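**Student:**
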Amino acid sequence: MSTIAQKKGFGATVWDFLTTVDHKKIAILYLIAGGFFFLVGGLEAVFIRIQLAVPNNDFVSAGAFNEIITMHGTTMIFLAAMPLIFAFMNAVMPLQIGARDVAFPFVNALGFWLFFFGGIFLNLSWFLGGAPDAGWTSYASLALHSKGHGIDFYVLGLQISGIGTLIGGINFLVTIINMRAPGMTYMRMPLFTWTTFVASALILFAFPPLTVGLTLMMFDRLFGANFFDVTMGGNTVIWEHLFWIFGHPEVYILILPAFGIFSEIFSIFSRKRLFGYSSMVFATVLIGFLGFMVWAHHMFTTGLGPVANAIFAVATMAIGVPTGIKIFNWLFTMWGGSVKFTVPMYYAFGFIPSFVMGGVTGVMVATAAADYQYHDTYFVVAHFHYVIVGGVVLGILAGVHLWWPKMFGTMLSETLGKVTFWFFFIGFHLTFFIQHFLGLWGMPRRVFTYLPGQGFDTANMVSSIGAAFMSIGVLVMLYNIIMTSVKNVKVGNDPWEDGRTLEWSIPSPPPFYNFKQLPLVRGLDAYWIEKMDGKKGMTPAEPLGDIHMPNGSFIPFMIALGLFIAAFGAMYHVDKEAWALPVLIIGLLVTFGSMFVRSIKDDHGFHIHKEELQDEKGAKA
Amino acid sequence: MTNQPLSSGNPRVDVEYRRKKSAEEMRYQVISFTLMIFLTLVAFASVALKGFTAWFTVPFILLLAAVQVVFQLFYFMHMSHKGHEAPTLFLFSGLFVGLTAILAFSTIIWW
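Taken in sequence, the protein lines are chains A and B. In this text, residue positions in the first sequence follow my numbering: the first is 25, and each later residue adds one. In this text, residue positions in the second sequence follow my numbering: the first is 5, and each later residue adds one.
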């Protein structure tokens with residue numbers, strides 16, 4: 025196989041992506057799929073805001089509204105934010121630790137295809153008799169009584185995509201533990217790698233409770249069990265616990281990598297070492313640790329009793345401490361730095377006040393006694409959109425601009441990027457700031473309309489106008505991406521000129537083997553150290569030698585496809601459809617057959633020979 | 005160097021040292037195996053012997069079980085050796101998460 029890129033036809037490119045096990049291409053798949061679901065979820069958000077713009081509106085019916093809010097939350101969390109974060113983890117983390125790929129490239133591809141088919145399955149519910157309508161938390165007391173197959177789509181779709189996320193997380197953990205380049209000790213890892221590590225550990229421990237919860241729900245709905253059915257001696261609160269034991273760490277799984285992205289940005293564009301690196305690592309680990317002891321703060325009003333409420337309230341407030349450490353470290357990183365205002369830096373600047381506001385309202389809702397007032401009002405909606413949009417989404421948008429040149433070799437337009445930022449940022453505050461007050465004035469969440477003259481009219485209109493601003497921002501960004509791809513002006517290794525970590529020491533996009541020779545890491549911000557010593561690139565840690573690479577494979581696609589087919593069988597089996605059982609069996613046969621083929625067929629990959637690498641050195645520096 | 009097989013062909017593998025290490029390892033294995041058998045006998049005895057109530061035997065057996073798990077992990081599954089820090093960390097983190105959930109469930113749902 026030649027290492028020199030060749031022109032390929034469209035079909036060949038598609039086949040290449042269907043069979044790829046390369047972490048950089050999987051990252052692009054995650055980016056495209058996550059971006060698509062982000063647009064779908066965004067469209068649902070726009071529908072919500074249109075419906076609520078004026079009182080007594082009938083843009084959508086009450087039932088359709090329930091489906092839209094459920095799918096908006098579920099899509100944004102599971103199918104947009106997670107995969108977009110995974111896109112950056114895949115694209116950047118192996119480069120940052122100086123690895124040639126993740127530890128299990130095949131499993132990496134499998135993780136993507138499971139997520140993808142799970143997401144498609146969930147969204148097919150729109151066309152097959154109605155989407156899930158019990159909220160993204162799908163509380164059992166509602167979900168068990170939901171008519172049609174909506175909740176079944178939720179349960180089976182999330183189960184499939186959840187497996188993908190879980191094996192992706194394990195893959196990242198193994199990669200970071202075992203595949204760091206020579207000299208890359210734990211305390212020299214870039215902060216994005218650290219946050220990937222902690223977030224992956226959270227995935228490892230948080231997803232099993234979700235799997236258990238979804239399995240119990242599946243048995244209740246599809247196979248006649250009664251785990252959550254109170255009339256049969258079940259307990260509906262158990263679902264809430266299982267969901268939030270997963271659900272609270274989940275928000276840290278999302279926000280920690282966003283913190284990592286911002287840490288990189290502050291350091292790069294302040295042209296300074298990250299202030300308090302070791303305390304940042306400590307804060308990241310501490311947030312991950314505390315994240316598992318706070319889940320019941322979502323359930324203060326279910327009647328846990330004052331002792332449990334007090335414990336979980338105090339634990340929740342404790343998380344403010346490491347988060348505060350981080351905020352101050354970012355401020356001190358900029359202090360005295362030579363700050364460059366690029367698009368990623370705009371997002372990082374906007375992030376700090378936005379996220380702090382979300383954090384402050386977080387402490388407010390963590391106060392158990394006060395939470396009885398805030399509970400199920402728009403105050404809570406405002407709070408979690410401030411942390412998720414103001415933290416995670418700004419982080420993702422910043423990451424797209426920061427690493428676009430590394431992933432695709434082209435620079436997004438800075439001007440259009442700033443236009444996107446201002447539209448999105450102003451729109452975001454316009455949409456959600458007023459919702460704090462709507463909540464305090466008494467507007468409950470998850471209602472499909474409200475009556476005129478209750479004092480909600482103006483505020484809701486303001487909120488909807490904000491949503492229009494955010495939509496314009498996203499459209500400008502799409503235009504930016506298309507224009508940049510059409511112009512296709514290639515950039516060099518270090519397009520921001522101030523790159524500090526290993527990913528900026530190799531070409532953009534990197535060759536498929538990443539590093540010709542593994543780099544020797546001499547400290548934190550390895551590439552920056554070499555630049556300051558007047559060197560052009562990294563010092564190699566090994567002589568030029570053959571590189572062992574894995575072969576591409578279509579099997580991950582087939583394994584995921586099998587589960588996708590089986591899910592239809594399992595779901596329609598309840599309706600006594602004659603074809604359901606055969607479909608279930610065929611689907612499982614496809615999955616296990618593919619796994620069997622994978623197990624018995626030896627695939628040792630291939631080697632890139634030393635001579636090929638040497639030839640290329642002459643051709644392209 | 006103890007994690008390389010004797011047949012690795014590495015000239016720096018000190019066979020004498022390895023033999024001593026292996027003997028030491030074997031001694032630990034035998035001791036912990038004896039102890040585990042002994043603890044099992046104690047567990048059976050505490051049930052079989054008259055005079056102990058269930059309020060004593062149940063926690064007592066659970067305690068013995070916990071000790072057995074530690075023996076199993078550290079001596080038979082080599083967690084006491086070098087290079088097992090990451091598995092140890094994740095094992096105990098998982099234990100922590102699981103036990104927190106069980107504690108919460110047993111106190112605020114099932115109590």
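All C-beta atoms in this analysis are idealised placements derived from N, C-alpha and C, irrespective of residue type, glycine included. Being a predicted model, the structure only gives us computed values, none of them experimental.
Pull out every residue of the region 199-216 of chain A whose Cβ sits closer than 8 Å to any Cβ of chain B, in chain order.
**Tutor:** Against chain B - using a Cβ distance shorter than 8 Å - the residues of the region 199-216 of chain A are 201.
**Student:** Residue 328 of chain A touches chain B at which residues, Cβ-Cβ below 7 Å?
**Tutor:** Near residue 328 of chain A (Cβ distances below 7 Å), the residues of chain B are 112.
**Student:** Spell out the partners DSSP gives residue 624 of chain A in its beta bridges.
**Tutor:** Answer by DSSP bridge pairing: none, since residue 624 of chain A is not bridged.
**Student:** In chain order, what residues of the same chain lie with their CB nearer than 7 Å to the CB of residue 524 of chain A, ignoring the 5 residues before and after it?
**Tutor:** Within the same chain, residue 524 of chain A has close Cβ partners 291, 292, 549, 551, 552.
**Student:** I need the DSSP call for residue 32 of chain A, collapsed to helix, strand or coil.
**Tutor:** Looking at residue 32 of chain A - three-state DSSP - the assignment turns out to be coil, as it is neither helix nor strand.
**Student:** Go to residue 213 of chain A, then tell me how far its beta strand (DSSP E) extends in each direction, as first and last residue.
**Tutor:** Neither: residue 213 of chain A is in no beta strand (DSSP E) and is coded neither H nor E.
**Student:** Tell me whether residue 177 of chain A sits in a helix, a strand or coil according to DSSP, three-state version.
**Tutor:** Three-state result, residue 177 of chain A: helix.
**Student:** Would you identify the three-state DSSP class for residue 169 of chain A, choosing helix, strand or coil?
**Tutor:** DSSP places residue 169 of chain A in coil when its eight states are reduced to three.
**Student:** Any chance the region 233-249 of chain A sits against the region 591-602 of chain A, with 3 or more Cβ pairs inside 8 Å?
**Tutor:** At 8 Å Cβ cutoff, the stretches touch.
**Student:** Please report how far the alpha carbon of residue 22 of chain A lies from the alpha carbon of residue 618 of chain A, in whole angstroms.
**Tutor:** The structure shown has nothing for residue 22 of chain A, since chain A only spans 25 to 645.
**Student:** Distance cutoff 7 Å, beta carbons only. Does residue 46 of chain B sit that close to anything in chain A?
**Tutor:** It does not: the Cβ of residue 46 of chain B has no partner Cβ on chain A nearer than 7 Å.
**Student:** For my contact list, residue 540 of chain A and residue 637 of chain A are in at a C-beta cut-off of 8 Å; report their separation, rounded to the angstrom.
**Tutor:** Confirmed, about 6 Å.
**Student:** Roughly how many whole angstroms lie between the Cα atoms of residue 365 of chain A and residue 99 of chain B?
**Tutor:** So the two alpha carbons sit approximately 46 Å from each other.
**Student:** What in chain B is Cβ-close to residue 259 of chain A, meaning under 8 Å?
**Tutor:** Those are 113, listed as they occur along chain B.
**Student:** Along the chain, where does the alpha helix (DSSP H) containing residue 322 of chain A start, and where does it finish?
**Tutor:** It is not in any alpha helix (DSSP H) - residue 322 of chain A carries neither H nor E in the DSSP assignment.
**Student:** If we require 3 or more residues per run, which beta strand (DSSP E) segments fall completely within the region 514-591 of chain A?
**Tutor:** Counting only runs of 3 or more, we get 571-573.
**Student:** What's the C-alpha gap between residue 59 of chain B and residue 92 of chain B?
**Tutor:** So the two alpha carbons sit approximately 33 Å from each other.
**Student:** Assign residue 161 of chain A to one of three DSSP states: helix, strand, or coil.
**Tutor:** Correct three-state label for residue 161 of chain A: coil.
**Student:** What does the Cβ neighbour count give for residue 136 of chain A, buried or exposed, with the cut at 16 atoms within 10 Å?
**Tutor:** Buried is the call here.
**Student:** So what's residue 265 of chain A in DSSP terms, helix, strand or just coil?
**Tutor:** Residue 265 of chain A: helix per DSSP, three-state reduction.
**Student:** Return the chain-ordered list of same chain residues with a C-beta closer than 6 Å to the C-beta of residue 405 of chain A, the five sequence neighbours on each side being excluded.
**Tutor:** Closer than 6 Å at Cβ, skipping near neighbours: 459, 469.
**Student:** Run the CB neighbour count on residue 626 of chain A, radius 10 Å, all protein chains shown included, and call it buried at 16 or more, exposed below.
**Tutor:** With fewer than 16 other Cβ atoms within 10 Å, it is exposed.
**Student:** Just checking: is the beta-carbon of residue 71 of chain B within a distance shorter than 7 Å of some beta-carbon in chain A?
**Tutor:** No, no contact with chain A.
**Student:** Residue 412 of chain A lies in the alpha helix (DSSP H); which residues open and close that run?
**Tutor:** Where residue 412 of chain A is concerned, there is no enclosing alpha helix (DSSP H), given that its DSSP letter is neither H nor E.
**Student:** Answer yes or no: does any C-beta atom of chain A fall closer than 7 Å to that of residue 52 of chain B?
**Tutor:** It does not; no Cβ of chain A falls within 7 Å.
**Student:** Mapping the DSSP letters down to three states, classify residue 96 of chain A as helix, strand or coil.
**Tutor:** It is helical.
**Student:** Go ahead and pull the three-state DSSP assignment for residue 92 of chain B.
**Tutor:** Of the three classes helix, strand and coil, the one that applies to residue 92 of chain B here is helix, per DSSP.
**Student:** In the DSSP assignment, find the beta strand (DSSP E) that holds residue 343 of chain A and state where it starts and stops.
**Tutor:** First-last for residue 343 of chain A: undefined, no H or E at that position.
**Student:** Can you check whether the C-beta of residue 349 of chain A is within less than 7 Å of a C-beta belonging to chain B?
**Tutor:** By this cut-off, residue 349 of chain A is not an interface position.
**Student:** Starting from the beta carbon of residue 109 of chain B, find every residue of chain C whose beta carbon is closer than 9 Å, and list them in chain order.
**Tutor:** Among the protein chains in the structure shown, which are A and B, there is no chain C.
**Student:** Which stretch, first to last residue, makes up the beta strand (DSSP E) that contains residue 632 of chain A?
**Tutor:** 630-632 is the span of the beta strand (DSSP E), which, as asked, contains residue 632 of chain A.
**Student:** Helix, strand or coil for residue 377 of chain A? Go by DSSP, reduced to three states.
**Tutor:** Residue state, collapsed to three classes: helix.
**Student:** Identify the contact partners of residue 317 of chain A in chain B, using a Cβ-Cβ distance below 7 Å as the criterion.
**Tutor:** Residues of chain B passing the Cβ test: 104.
**Student:** Identify the contact partners of residue 269 of chain A in chain B, using a Cβ-Cβ distance below 9 Å as the criterion.
**Tutor:** The answer, in chain order, is 101, 104, 105, 108.
**Student:** When you compare only the Cα positions, how much space is there between residue 630 of chain A and residue 580 of chain A?
**Tutor:** Those two C-alpha atoms are separated by around 19 Å.
**Student:** Evaluate residue 48 of chain A with the Cβ neighbour count: other Cβ atoms within 10 Å of its Cβ, from every protein chain shown; 16 or more gives buried, anything less gives exposed.
**Tutor:** Buried, by the Cβ-count rule.
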